[in-house]
Amino acid sequence: MQLVTTRDATRLTGLSTEQLREWTSRRALILPDVRPKGHGSPARYSWQTILLLRIAVVLRDRFKLELHAHRDLFSAMRAGLARTSFLSLWGKSLVLYGGERWVVIDPRDADSVIDDCIMLRLDPHLQQLSDSFSLPKPVVPGQFQLFPALGVTADTAVNDTTRRRRHG
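Residue numbers (the UniProt record's numbering): 1 to 168.
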């Protein structure tokens, strides 16, 4: 699992170093994946934790939510994201119902939203994480993801047989 330092976390979340420490250490709203070992050692964060921090920033800035009141929600989302692949989140939205209730849905399936909620699109956040963590981007449906060729070898037995047929 790739982890980033506090410097990268501040860049990816838009939080100041002081605010990041406040949320992850002092208030323990969203814990880092690796806590600092002592003064001067950096905390480390996974893509799941950075995604949660980015969501927290949106909830605070756009919706003016008091985040401390939703600590249980962040804990539940952290546990759920730990079991979720990065690729499976592309094209999805996060639906927050309040309390600890949340779900990831396909936004085209509006029938799955049955209650009042806050819905956040995940793709803008995933784009940032994909670039910074070197995580895969979604592929076109029905198309395999490309991979680099490691080497090309020719089967000489096949080439000799083909030559004999043409010239023989």
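Note that the Cβ used here is the ideal one computed from N, Cα and C, for glycine as well.
Query raised in the report: Going by DSSP, which residues form a beta bridge with R121?
Result: S93
Requested in this report: Closer than 8 Å by C-beta to H125: which residues in its own chain qualify, once you throw out the five before and the five after it? Chain order, please.
Outcome: L51, R54, I55
Requested in this report: Can you give me the Cβ contacts of A82 inside the same chain, cut-off strictly under 8 Å, excluding the 5 residues immediately before and after it?
Outcome: Q48
Query - Inter-stretch contact (C-beta, 8 Å, three-pair minimum) for the stretch 70-84 and the stretch 35-44 - result: no
Query raised in the report: Quick one: Cα of L29 to Cα of L12, how far?
Result: 18 Å
Report task. Provide the residue span of the alpha helix (DSSP H) that contains W102, from first to last. Result -> Not the alpha helix (DSSP H): W102 falls in the beta strand (DSSP E), residues 101-105.
Query raised in the report: Opposite T5 in the DSSP bridges: which residues?
Result: R44
Query raised in the report: Beta carbon of A43, beta carbon of T5: below 9 Å?
Result: yes
Query raised in the report: Taking the alpha-carbon positions, what's the V104 to M1 distance?
Result: 22 Å
Query raised in the report: What three-state label does DSSP hand V113 in the structure shown?
Result: coil
Query - Residue from R60, L87, L31 whose Cα sits closest to the Cα of P136 - result: L87
**Report entry** Extent of the continuous alpha helix (DSSP H) run through E18
**Finding:** 17-21
Report task. Report buried or exposed for S93, applying the criterion of at least 16 other Cβ atoms within 10 angstroms of its Cβ. Result -> buried
**Report entry** Simplified DSSP state of G80, which is helix, strand or coil
**Finding:** helix
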